[in-house]
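Protein sequence lines, in the order shown, are assigned to chains Y and E.
Sequence positions in the first sequence follow numbering that gives the first Met the number 0 and run 0 to 407.
Sequence positions in the second sequence follow numbering that gives the first Met the number 0 and run 0 to 407.
In what follows, a structure is listed as structure tokens, so that the remarks can point back to it.
2 protein chains.
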Amino acid sequence: MIIMAIIEPKILKGTRDFGPNEAAKRLSVINKIRSVFIKNGYDAIETPAIEYAATILGKYGDEGDKLTYAFKDHGGRHIALRYDLTVPTARFVAANWTSLPMPFKRYQIGPVWRADKPQRGRFREFYQCDIDIIGSTSAMADAEIAKVVNDVFSTLGFNKFLIRINSRRLMNDILEQCKVKKSDRVEVIRQIDKLDKTSLKDVEKELEKTCLDKKQIKELSKIALSEKARYNLSDVPDGESKKEIDRVLSTIKQFGVPDKNITLDLALARGLDYYTGVVYEVIIPDSGLGSVCGGGRYDDLAELFSDKKFPGTGVAFGFDRIMTWLEENKKLDDVELSSKVLVVNFEDTIKENLRTLTELHKANISAEIYIEDAKMQKQLKYADKKQIPWVIVQGSNEIKRKKVILTD
Amino acid sequence: MIIMAIIEPKILKGTRDFGPNEAAKRLSVINKIRSVFIKNGYDAIETPAIEYAATILGKYGDEGDKLTYAFKDHGGRHIALRYDLTVPTARFVAANWTSLPMPFKRYQIGPVWRADKPQRGRFREFYQCDIDIIGSTSAMADAEIAKVVNDVFSTLGFNKFLIRINSRRLMNDILEQCKVKKSDRVEVIRQIDKLDKTSLKDVEKELEKTCLDKKQIKELSKIALSEKARYNLSDVPDGESKKEIDRVLSTIKQFGVPDKNITLDLALARGLDYYTGVVYEVIIPDSGLGSVCGGGRYDDLAELFSDKKFPGTGVAFGFDRIMTWLEENKKLDDVELSSKVLVVNFEDTIKENLRTLTELHKANISAEIYIEDAKMQKQLKYADKKQIPWVIVQGSNEIKRKKVILTD
Numbered sequence: 000m001i002i003m004a005i006i007e008p009k010i011l012k013g014t015r016d017f018g019p020n021e022a023a024k025r026l027s028v029i030n031k032i033r034s035v036f037i038k039n040g041y042d043a044i045e046t047p048a049i050e051y052a053a054t055i056l057g058k059y060g061d062e063g064d065k066l067t068y069a070f071k072d073h074g075g076r077h078i079a080l081r082y083d084l085t086v087p088t089a090r091f092v093a094a095n096w097t098s099l100p101m102p103f104k105r106y107q108i109g110p111v112w113r114a115d116k117p118q119r120g121r122f123r124e125f126y127q128c129d130i131d132i133i134g135s136t137s138a139m140a141d142a143e144i145a146k147v148v149n150d151v152f153s154t155l156g157f158n159k160f161l162i163r164i165n166s167r168r169l170m171n172d173i174l175e176q177c178k179v180k181k182s183d184r185v186e187v188i189r190q191i192d193k194l195d196k197t198s199l200k201d202v203e204k205e206l207e208k209t210c211l212d213k214k215q216i217k218e219l220s221k222i223a224l225s226e227k228a229r230y231n232l233s234d235v236p237d238g239e240s241k242k243e244i245d246r247v248l249s250t251i252k253q254f255g256v257p258d259k260n261i262t263l264d265l266a267l268a269r270g271l272d273y274y275t276g277v278v279y280e281v282i283i284p285d286s287g288l289g290s291v292c293g294g295g296r297y298d299d300l301a302e303l304f305s306d307k308k309f310p311g312t313g314v315a316f317g318f319d320r321i322m323t324w325l326e327e328n329k330k331l332d333d334v335e336l337s338s339k340v341l342v343v344n345f346e347d348t349i350k351e352n353l354r355t356l357t358e359l360h361k362a363n364i365s366a367e368i369y370i371e372d373a374k375m376q377k378q379l380k381y382a383d384k385k386q387i388p389w390v391i392v393q394g395s396n397e398i399k400r401k402k403v404i405l406t407d
Numbered sequence: 000m001i002i003m004a005i006i007e008p009k010i011l012k013g014t015r016d017f018g019p020n021e022a023a024k025r026l027s028v029i030n031k032i033r034s035v036f037i038k039n040g041y042d043a044i045e046t047p048a049i050e051y052a053a054t055i056l057g058k059y060g061d062e063g064d065k066l067t068y069a070f071k072d073h074g075g076r077h078i079a080l081r082y083d084l085t086v087p088t089a090r091f092v093a094a095n096w097t098s099l100p101m102p103f104k105r106y107q108i109g110p111v112w113r114a115d116k117p118q119r120g121r122f123r124e125f126y127q128c129d130i131d132i133i134g135s136t137s138a139m140a141d142a143e144i145a146k147v148v149n150d151v152f153s154t155l156g157f158n159k160f161l162i163r164i165n166s167r168r169l170m171n172d173i174l175e176q177c178k179v180k181k182s183d184r185v186e187v188i189r190q191i192d193k194l195d196k197t198s199l200k201d202v203e204k205e206l207e208k209t210c211l212d213k214k215q216i217k218e219l220s221k222i223a224l225s226e227k228a229r230y231n232l233s234d235v236p237d238g239e240s241k242k243e244i245d246r247v248l249s250t251i252k253q254f255g256v257p258d259k260n261i262t263l264d265l266a267l268a269r270g271l272d273y274y275t276g277v278v279y280e281v282i283i284p285d286s287g288l289g290s291v292c293g294g295g296r297y298d299d300l301a302e303l304f305s306d307k308k309f310p311g312t313g314v315a316f317g318f319d320r321i322m323t324w325l326e327e328n329k330k331l332d333d334v335e336l337s338s339k340v341l342v343v344n345f346e347d348t349i350k351e352n353l354r355t356l357t358e359l360h361k362a363n364i365s366a367e368i369y370i371e372d373a374k375m376q377k378q379l380k381y382a383d384k385k386q387i388p389w390v391i392v393q394g395s396n397e398i399k400r401k402k403v404i405l406t407d
């Protein structure tokens, strides 16, 4: 006799199962996002979940190493699970650019993995939805990204959202204007980035403590950080970078994005990331959700993988936060499960029942027959649990009377 | 100065990139398969790609260990990439059955990973598409699986396919009838399974060499293996298992599956797998492809994870082989990429060009503007490479003449 121990049916923290209801909702949102991408001329690519660790880790260095699932396979190869969709795309473009249309507008939707400490809203396996335009330095490309972002959030039913936009180049010119030393800039940007969570006064205090003098701080606030200066270009000295962001903003308008959904934000830094031009971020006012979408322009997307330069601009949508907001705001209540009709199963009229099912399928109606001969009540309970809106009752009585009972 | 070495942009053998054309085709086929599942009342579930190694390896033992990507994470936990979709589903059902409708009809579509030697048509990362009915022992459940299989291959445009069906229980009764010792059955089934690749004579020779005597072989051939006996029940002695498979076959007919698409095959074994009842397999005659779909019934799907019994019946579709056939038979030539219209970009009429784009999007037409101001020829070349069927030319001349040129 073999006695087998039962394995506890648990999953790793930071990973999730999705049952029928949640899976249907997720698919419905993915399909909506995808349809916006396609409508705007973005084509899908797919890359593997597992790649050479050198490919995945190349960009992230030590920090990435800690947060990346990496291991040796049976052949001793160093392998990693993808950490994002940007690096695999860069690798893909470097390998395939001769056969791709340029500029290359691609989207990619799929899971990524982070060996992170799981927290509320932070997962080890989660979906990213990315769009990028690769191979163009034009302001119009940056503007189109904002246009697609606007389309996505409008289509999903967000009644209030704000696309914040800034330019790394402009930020550098402003810091230059304020005579901030190159070596201090990382720290200054780090402090500015806190402006949304704290007050201008506190940021100014921190800046004085760490690297700037009073005069520098005064000028920086006047040009970019004060409530009056932060959301427009009027106090920013003229220059190439100002012209450039101005052109992006006016093109976004020409793309039909309503003023209420977009704002320049001179204090937007997007962390210490590798962006070199425009940066974007989307927030949902009063939601407490933080950023639900973010991205920017980089001069050379594929520098790790190619001598050729591939300028790129794009964003990643935070699928889980988007799902959270849609759930909480009851935008997903009408997502339907598979079956619209349950044909009740009667042993003596099974032929007729199956014929009815065939007719429903021919009419392209999602329908099923209860898969066992069981008591009516059990079958109705099943319909209830599966949220099947219609039930067809066609027993011998109904057939005698040439009737079918359709009930909701 | 930092000199960075270029990382070669290559991927692991047995994994694949899919560019715009291939990705669009794959998505179109997945959507068709999914629509058939939904039409027949199957709901999606999603489970994580990474699970505790004990969960993934439980069933496969040593063989699985070799073929599974397993590793320790930073916290020392034993983790594995899922090897199939059946084990995670069993784990999911064991953990969630109280909140699921029963019988539970679920589908799952997603990637699985095998640390296998890559060969033509054998990958390390590939998609599976599964349906299962869990929690029912009825013949109708088995029959419905065959019905959905028939729907999938019909919907995808396979003009010729054959669903082969057999019963493990019937096979055991036949071996009993031929007085094959229990200890010899695995070997006998292994030999029978070769019947498609070799002749009956060779199989008989092998059986005589290994474990059966002439009389046993003669009887086995008469009942089940000869051309005359193999595809019907007429020479099989009466019994419960014969009644059962007969009921499944007649119910499949009642479900509307055409006779030409289905056959009993008493020599079908489906390897040495864990099936306990009906087994199914789909072949495409004259395709040289081997099995494109297979599965069967198991008495207890979740025995590793629960004391409760969950009988299940289902199949997995071989997505890659299906794609190969559809590609080779030109069934995917009409799959479209994203954009239907390219609006040509002219610097002096950019406002009008963008207004036209907005109108197209309002009419729900997939369209894009060329994202840079470039020479007409370059823009048309781009449309060509992206297979965009229509181009709108609206320069200053056209606007003066209040005309737009629409060209294919």
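Backbone N, C-alpha and C define an ideal beta-carbon position, used for all residues, glycine too.
Closest by CA to TYR68/E, which one among THR67/Y, ILE78/Y, LYS65/Y, LYS213/Y?
-> Counting from one through the second sequence, the residue named residue 68/E turns up at place 69. Comparing Cα positions, the closest option is ILE78/Y.
For THR406/E, write down the residues that DSSP places opposite it in a beta bridge.
-> The count along the second sequence starts at 1 and reaches residue 406/E at position 407. THR406/E is bridged to VAL390/E.
Tell me, please, whether the CB atom of PRO19/E is closer than 7 Å to any CB atom in chain Y?
-> One-based indexing of the second sequence puts residue 19/E at position 20. Output row for PRO19/E: interface = yes.
SER395/Y lies in the alpha helix (DSSP H); which residues open and close that run?
-> As a first step, residue 395/Y is located in the first sequence; it is residue number 396 there, counting from the start. It spans 395-399 - the alpha helix (DSSP H) in which SER395/Y sits, taken as one unbroken run.
Unbroken alpha helix (DSSP H) runs of length 4 or more, entirely within the region 298-337 of chain E: which are they?
-> 318-327
Based on Cα-Cα distance, which residue from ALA114/Y, LYS307/Y, ARG81/Y lies nearest to ALA53/Y?
-> As a position in the first sequence, residue 53/Y is number 54, starting the count at 1. Out of ALA114/Y, LYS307/Y, ARG81/Y, ARG81/Y has the C-alpha closest to the C-alpha of ALA53/Y.
Local Cβ density within 10 Å of ASP131/E, reported as buried at 16 or more and exposed below that = The residue labelled residue 131/E in the question sits at position 132 within the second sequence. By the 10 Å Cβ count, ASP131/E comes out buried.
Note down the Cα distance separating ALA4/Y from ASP83/E, rounded to an integer number of angstroms.
-> Along the first sequence, read from residue 1 onward, the residue named residue 4/Y stands at position 5. Along the second sequence, read from residue 1 onward, the residue named residue 83/E stands at position 84. For ALA4/Y and ASP83/E, the distance between alpha carbons rounds to 22 Å.
When the Cα atoms are used, what is the spatial distance from PHE160/E to GLY75/E?
-> To locate residue 160/E, count along the second sequence from 1; it is residue 161. To locate residue 75/E, count along the second sequence from 1; it is residue 76. Taking the straight line from one Cα to the other gives about 48 Å.
In angstroms with no decimal places, state the Cα-to-Cα distance between ARG119/E and GLU203/E.
-> Working through the second sequence from its first residue, we reach residue 119/E at position 120. Working through the second sequence from its first residue, we reach residue 203/E at position 204. Roughly 31 Å separates the two Cα atoms.
Compare the beta carbon distance of GLN386/E and LEU341/E with 7 Å and say whether it is the shorter of the two.
-> Your numbering for residue 386/E matches position 387 in the second sequence. Your numbering for residue 341/E matches position 342 in the second sequence. Contact: no.
With 7 Å as the threshold, decide whether the Cβ of MET322/Y is near any Cβ in chain E.
-> Here residue 322/Y refers to the residue found at position 323 of the first sequence. No, its Cβ sits nowhere closer than 7 Å to a Cβ of chain E.
Skipping 5 residues on each side, what residues in its chain have a beta carbon closer than 8 Å to that of GLY270/Y?
-> In the first sequence, counting from the first residue as 1, residue 270/Y sits at position 271. Cβ neighbours of GLY270/Y beyond the five flanking positions: ASP192.
In chain C, which residues lie with their C-beta within 8 Å of the C-beta of ARG296/E?
-> The question asks about chain C, but that chain is absent: this structure's protein chains are Y and E.
CB contact check: GLY238/E to chain Y, cutoff 7 Å | Position 239 of the second sequence, counted from the first residue, corresponds to residue 238/E. Chain Y, which has no Cβ nearer than 7 Å to the Cβ of GLY238/E, makes this no.
Short CB-CB distance (under 7 Å) between HIS73/Y and chain E | Working through the first sequence from its first residue, we reach residue 73/Y at position 74. Output row for HIS73/Y: interface = yes.
Taking only beta carbons into account, state which residues of the region 76-89 of chain Y come closer than 9 Å to chain E, listed in chain order.
-> ARG76, ILE78, LEU80, PRO87, ALA89
Note down, in chain order, every chain E residue with its Cβ under 7 Å from the Cβ of MET139/Y.
-> Numbered from its first residue, the first sequence carries residue 139/Y at position 140. Residues of chain E passing the Cβ test: ILE370, GLU371.
Put ARG25/Y into one of helix, strand or coil per three-state DSSP.
-> On the first sequence, position 26 is the one that residue 25/Y refers to. Looking at ARG25/Y - three-state DSSP - the assignment turns out to be helix.
Where GLY255/E and LEU356/Y are concerned, what is the direct C-alpha to C-alpha distance, given to the nearest angstrom?
-> What you label residue 255/E is simply residue 256 of the second sequence in a count that begins at 1. What you label residue 356/Y is simply residue 357 of the first sequence in a count that begins at 1. Approximately 10 Å between the Cα atoms of the pair.
Indicate whether at least one CB of chain Y lies closer than 7 Å to the CB of THR67/E.
-> Within the second sequence, residue 67/E is the residue found at index 68, counting from 1. No, THR67/E lies away from the interface with chain Y (no Cβ there is under 7 Å from its Cβ).
For GLU409/E, three-class secondary structure by DSSP = Because chain E is modelled from 0 through 407, residue 409/E falls outside the range shown and cannot be assessed.
Which of the three DSSP states, helix, strand or coil, is assigned to THR97/E?
-> Against the second sequence, residue 97/E aligns to sequence position 98. Correct three-state label for THR97/E: helix.
Show which residues of chain E have a CB atom less than 7 Å away from the CB atom of PHE254/Y.
-> Start at 1 with the first residue of the first sequence, and residue 254/Y comes out as number 255. Under the 7 Å cutoff, chain E gives LEU353.
Is ILE222/Y closer than 7 Å to LEU206/Y when the C-beta atoms are compared?
-> What you label residue 206/Y is simply residue 207 of the first sequence in a count that begins at 1. What you label residue 222/Y is simply residue 223 of the first sequence in a count that begins at 1. No, these two residues do not count as a Cβ contact at 7 Å.
If you pair each beta-carbon of the region 359-377 of chain E with each one of the region 306-321 of chain E, do three or more pairs fall below 8 Å?
-> no
Any 3 or more C-beta pairs closer than 8 Å across the region 171-181 of chain Y and the region 279-296 of chain Y | no
Thinking just about the alpha-carbon of each residue, which of SER137/Y, ASP115/Y, LYS116/Y is nearest to the one in ALA102/Y?
-> In the first sequence, residue 102/Y corresponds to position 103, counting from 1. Before going on, a small fix: residue 102/Y reads as Pro here, not Ala. PRO102/Y has its Cα closest to that of SER137/Y, out of SER137/Y, ASP115/Y, LYS116/Y.
Answer with yes or no whether the minimum CB distance from CYS262/Y to chain E is below 7 Å.
-> Translated into the one-based positions of the first sequence, residue 262/Y becomes position 263. In the sequence as presented, Cys is not what sits at residue 262/Y; that position holds Thr. Not closer than 7 Å to any Cβ of chain E, the Cβ of THR262/Y fails to qualify, so no.
Between the region 298-311 of chain Y and chain E, which residues of the former have a C-beta closer than 7 Å to a C-beta of the latter?
-> LEU303, PHE304, SER305, ASP306
Along the region 142-157 of chain Y, what residues have a CB closer than 7 Å to any CB found in chain E?
-> GLU143
Interface flag, SER27/E vs chain Y, CB-CB below 7 Å = Within the second sequence, the letter at position 28 stands for residue 27/E. So, not an interface residue.
Rounded to whole angstroms, what's the CA-CA distance from VAL403/Y to ILE391/Y? Just pull it up for me.
-> Translated into positions along the first sequence, residue 403/Y becomes position 404. Translated into positions along the first sequence, residue 391/Y becomes position 392. In a straight line, the C-alpha of VAL403/Y is about 7 Å away from that of ILE391/Y.
Do you know how far the Cα of LYS330/E is from the Cα of LEU405/E?
-> Residue numbering aside, residue 405/E sits at position 406 when the second sequence is read from its first letter. Residue numbering aside, residue 330/E sits at position 331 when the second sequence is read from its first letter. Their backbone Cα atoms lie some 29 Å apart in a straight line.
Members of the region 22-48 of chain E that neighbour chain Y once the beta carbon cut-off is set at 8 Å | ALA22, ALA23, ARG25, LEU26, PHE36, ILE37, LYS38, ASN39, GLY40, TYR41, ASP42, ALA43, ILE44, GLU45, THR46, PRO47, ALA48
Any beta-carbon of chain Y closer than 7 Å to the one on LYS350/E?
-> The count along the second sequence starts at 1 and reaches residue 350/E at position 351. It does: the Cβ of LYS350/E has a partner Cβ on chain Y nearer than 7 Å.
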